[in-house]
Amino acid sequence: MAQSLERQKAKPHLAEEWVGKVYTLLCIAFLIGTIVSIVYFVASKGLSTFFVNHVNVLDLLTGLKWAPEGEPAVFGALPFIFGSFSTSLLAAAIAAPLGFCAAVFMVEIAPKFGRRYLQPVIELLAGIPSVVYGFVGLSVIVPFFRNVFPGQGIGIAAGALVLSIMILPTITTIATDALAALPKGLKEGSFALGATRWQTIYRIVLPTTLPALMTGIVLGIARAFGEALAVQMVIGNAPHIPSSLFESASTLTSAITLSMGNTAMGSLANNALWSLALILMLMTFVFVFIVRFLEGRSKL
Amino acid sequence: MKAKTADKIATSVIIAVAAFIVLILAGLLGYILFRGVGHISFHFLTSAPETIRKGGGIGPQLFNSVFLLVLTMIITIPIGLGAGIYMSEYAPANRITSAIRLVVEVLSSVPSIIVGLFGLLVLVNLFGFGFSLFSGALALTVFNLPLMVRITEQGLKGVPREQKEASLALGLSKWKTITSVMLPIGLPVILTGTILAAGRVFGEAAALLFTAGMSSPRLDFTDWNPFSPFSPLNPFRPAETLAVHIWKINSEGLAPDAAQIAAGASAVLVITVLLFNFAARWLGRYMYRKFTAIK
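Each protein sequence line maps, in turn, to chains A and B. The numbering used here applies: residue 1 is where the first sequence begins, and numbers increase by one. The numbering used here applies: residue 301 is where the second sequence begins, and numbers increase by one.
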């Protein structure tokens with residue numbers, strides 16, 4: 001008798017539990033379904049260039065000429081791949097030392113001022129929309145380059161500079177977290193031996209936190225690689241490999257942004273653009289795996 | 301002696317770089333506001349844009365951005381909360397869970413333009429939603445979900461163990477414990493993160509080019525029937541947002557005052573993002589104080 005009463009009481013309790021479990025599981029299922037379908041649709045569209053239209057994969061990856069309207073149409077995506085890599089790597093090369101210095105400043109030199117002023121400043125940088133960065137790049141950086149350097153001012157240099165400001169928060173935040181998480185004993189030991197602050201940073205802090213710093217840099221590159229509109233606004237969008245940093249160039253994202261609306265779904269030109277998107281997506285996976293590898297290496 | 305000189309030089313370089321970063325941001329904000337604020341007026345904020353004539357405004361774009369933000373959050377919050385709760389409370393520590401974690405990580409690093417293309421293919425064409433606010437909101441949901449999951453997880457992880465255990469010990473079900481004990485405690489963190497995520501939605505453009513579209517129909521602000529094609533409330537109409545508008549007039553603007561419009565619209569966008577930031581900070585601090593009774 002007592003047992004059955006207990007069972008009756010337990011019922012709404014269990015139902016509630018069940019609702020919660022099923023609901024949260026459904027949400028997770030939605031999430032997984034989304035990523036699976038993104039991969040499936042982008043891959044099937046991107047691969048149809050090779051399987052349906054019989055474009056050679058190597059031709060696409062290494063071809064220097066992109067002429068979707070030409071007779072015959074030529075799809076060489078190397079200029080875009082080159083543009084994407086050069087802008088994002090250059091952006092990381094500019095932003096990494098800046099971000100590292102900002103992190104050292106916040107953790108080692110002036111923690112109070114850093115936490116109170118510099119950190120919110122950097123978080124604000126992260127919040128500014130990319131089109132605004134593009135607008136500023138177009139109305140400040142490009143005219144400046146045009147006046148100072150030969151050329152039109154648009155190009156890889158302008159793109160990389162805009163991107164470097166955009167990825168600065170990513171790199172700084174991760175570097176700051178890594179430096180702050182460093183065990184105190186390491187630094188104190190170094191100071192006790194009579195090392196200066198810079199010697200400690202250079203010989204102890206930097207090598208120990210290197211994997212985490214690299215993680216930040218790779219995440220920054222990944223963000224720069226996928227950024228579309230800001231780069232598109234300042235890079236000039238000419239589908240060839242430029243001979244100087246101040247000559248018009250193009251990236252994977254800017255090519256997709258500009259041409260996707262002008263091609264008919266399912267046409268060869270359209271499929272080729274999806275192949276660019278597929279390259280972009282595969283690079284994202286590569287970046288994620290590099291980050292995972294680096295995170296495995298850091299043993300803080 | 302040499303090591304001390306090196307230390308001094310390095311320290312001054314680092315301080316100089318930190319100052320330089322502050323200067324960049326000050327210059328950036330100053331430039332955007334200085335160039336743009338003068339152009340902001342009631343007329344600019346409420347009137348419709350002009351294609352070739354001078355004096356166009358950003359009224360419909362501003363409305364679209366806000367409407368899209370609301371729609372996106374209505375879809376994102378329940379799913380993101382649910383998935384976040386699962387990840388922090390229900391997920392067993394096994395391979396499947398770490399695979400899901402990887403999936404969330406991948407999803408959070410997929411470029412927004414890819415999400416936009418996916419939206420174009422699946423939402424706009426396959427499901428037939430067309431270029432619409434609804435497609436845009438769903439695309440932004442995809443884009444925002446991983447963020448929301450992480451925020452929820454973070455919020456729930458911050459809840460003291462004892463509070464969770466006390467609730468379970470009183471005989472409350474796990475679900476009840478989560479919804480009535482843990483969520484309220486984690487709320488300051490979750491809310492702050494959500495507002496910051498909303499700020500991102502407001503400025504997002506790449507994913508919207510191919511889902512919400514690059515044009516806005518002539519809106520009739522007296523027509524509040526959500527099924528009429530010219531009603532601002534209709535979620536199935538194409539909608540150009542403020543961020544997309546800035547991009548469009550910078551790349552192909554024909555109006556003679558395109559540069560001023562871009563500057564004004566950028567200023568509006570940045571001011572909004574700043575407001576979101578301050579609101580998130582203030583609200584987070586306020587709720588933290590209220591819940592923890594710390595003065």
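By construction, the Cβ of each residue, glycine as well, lies at the ideal position given by its N, Cα and C atoms.
Among the residues of chain B, those whose CB is under 8 Å from the CB of residue 199 of chain A are 303, 306, 307, following chain order. By the Cβ-count criterion, residue 432 of chain B is buried, with 16 or more other Cβ atoms from all chains shown falling within 10 Å of its own Cβ. Residues of the same chain with a CB within less than 8 Å of the CB of residue 151 of chain A, apart from the 5 flanking positions on each side, are 145, 244, 246, 247 in chain order. Non-local beta-carbon contacts of residue 379 of chain B in its own chain, meaning distances under 6 Å to residues more than five positions away in sequence, are absent. Taking a cut-off of 8 Å for Cβ pairs, the region 432 to 452 of chain B and the region 389 to 408 of chain B touch, as three or more such pairs fall below it. The alpha-carbon of residue 498 of chain B is positioned some 19 Å away from that of residue 170 of chain A. At least one beta carbon of chain A lies nearer than 7 Å to the beta carbon of residue 405 of chain B.
Against chain B, the beta carbon of residue 60 of chain A has no neighbour under 9 Å; the closest one sits roughly 18 Å away.
Comparing alpha-carbon positions, the option among A/203, A/159, A/225 lying closest to residue 237 of chain A turns out to be A/159. Taking a Cβ-Cβ threshold of 8 Å, the residues of chain B close to residue 288 of chain A are 402, 405, 406, 409, in chain order. Apart from the 5 residues on each side of it in sequence, residue 250 of chain A sits with its Cβ closer than 7 Å to the Cβ of 79, 80, 83, 235, 237, 238, 239 in its chain, given in chain order.
Counting only Cβ-Cβ distances below 7 Å, residue 13 of chain A has contacts in chain B at 473, in chain order. The Cβ atoms of residue 501 of chain B and residue 455 of chain B lie no closer than 7 Å to each other. Cβ contact annotation for residue 187 of chain A (same chain, cutoff 8 Å, sequence separation greater than five): 200, 204, 205, in chain order. Under a criterion of Cβ atoms nearer than 9 Å, the residues of chain B adjacent to residue 45 of chain A are, in order, 417, 421. In this structure, the CA atom of residue 437 of chain B is about 6 Å from the CA atom of residue 371 of chain B. If you compare the alpha carbons of B/353, B/426, B/365 with that of residue 514 of chain B, the shortest gap goes to B/365. Interface residue (Cβ-Cβ distance to chain A less than 7 Å): residue 322 of chain B is classified as such. Taking every protein chain shown into account, the CB of residue 560 of chain B has 16 or more other CB atoms within 10 angstroms, so this residue is buried. In this structure residue 466 of chain B is exposed. Its beta-carbon is surrounded by fewer than 16 other beta-carbon atoms within 10 angstroms. A residue is called buried when at least 16 other Cβ atoms come within 10 angstroms of its Cβ; residue 225 of chain A meets this threshold and is buried.
Using a Cβ distance threshold of 7 Å, residue 505 of chain B and residue 475 of chain B do not count as a contacting pair. Distance from the CA of residue 62 of chain A to the CA of residue 421 of chain B, rounded to the nearest whole angstrom, comes to 27 Å. In its chain, beyond the 5 residues on either side, no residue has a beta carbon closer than 7 Å to the beta carbon of residue 35 of chain A. Put simply, the CB of residue 23 of chain A is near chain B, with a gap under 7 Å to one of its CB atoms. Buried is the label assigned to residue 453 of chain B, since at least 16 other Cβ atoms lie within 10 Å of its Cβ.
Listed in chain order, the alpha helix (DSSP H) runs fully inside the region 443 to 482 of chain B are 461 to 469, counting runs of at least 4 residues. Between residue 582 of chain B and chain A, the shortest Cβ-Cβ separation is not below 7 Å. Neighbours of residue 222 of chain A in chain B, taken as residues at a C-beta separation under 8 Å, are given in chain order as 409.
Any Cβ of chain B closer than 7 Å to the Cβ of residue 214 of chain A would place that residue at the interface, and such an atom is absent. One Cα belongs to residue 67 of chain A, the other to residue 177 of chain A, and the distance between them is close to 47 Å.
In the structure shown, residue 382 of chain B adopts helical secondary structure according to DSSP, grouped into three states. Within the region 549 to 577 of chain B, the residues whose Cβ lies closer than 8 Å to some Cβ of chain A are 550, 551, 559, 562, 563, 566, 569, 570, 573, 574, 576, 577, listed in chain order.
Note on residue 341 of chain B: under 16 other CB atoms within 10 angstroms of its CB, so exposed under the neighbour-count rule. Here residue 276 of chain A has 77, 80, 252, 255, 256 as same chain residues with Cβ atoms under 7 Å from its own Cβ, once five neighbours each way along the sequence are excluded. Along the region 360 to 374 of chain B, there is no position whose C-beta sits under 9 Å from a C-beta of chain A.
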